[in-house]
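Residue numbers (UniProt numbering): 1 to 144.
Each residue gets a CB set at the ideal place from its N, CA and C atoms; glycine is no exception.
Take a look at the structure below.
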């Protein structure tokens, strides 16, 4: 488990997120290029963060004026990678060490490979950054 360093803006966004949702956020990752914020919430707080019919997460979106994504944290790196790819169906995650680098090989359904990568690679980049921040995983490779 690596230590997550937050920017001043990240701390402000987390305070706002927690006050609007009641969920505990462990991290806020700002993806300025795609105009979105990605929050990593404490395990078990996903329902609290989203709210009935999405009302709490929509309140956060309205307050920050950006797209907001929520990922449930897990101490287990395999489970964390699966959560980060949601809603993509993950068949298998295998974490290996190669040349002193931790690499997660993720097996997805062939028909969902595009969704896993995302337009211009935005989804796979999000997973790579969060996996490095939370579990010292240096690379995430999709196998389809």
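- Around the beta carbon of residue 12, fewer than 16 other beta carbons sit within 10 angstroms, so the residue counts as exposed.
- The alpha-carbon of residue 84 is positioned some 12 Å away from that of residue 46.
- With a cutoff of 9 Å on beta-carbon distance, residue 10 and residue 28 are scored as near each other.
- By the beta-carbon neighbour count (other beta carbons within 10 angstroms, threshold 16), residue 109 is exposed.
- For the pair residue 20 and residue 59, the Cα-to-Cα distance works out to about 7 Å.
- Excluding its 5 nearest sequence neighbours in each direction, residue 64 has C-beta neighbours in its own chain below 8 Å: 13, 16, 37, listed in chain order.
- Under the DSSP assignment, residue 21 falls in the alpha helix (DSSP H) whose first and last residues are 8 to 21.
- By the CB criterion at 9 Å, residue 104 and residue 78 fall inside the cutoff.
- Taking residue 4 as the centre and dropping the five residues before and after it, the same chain places the C-beta of 27, 133 closer than 6 Å to its C-beta, in chain order.
- A direct Cα-to-Cα measurement between residue 82 and residue 93 gives close to 8 Å.
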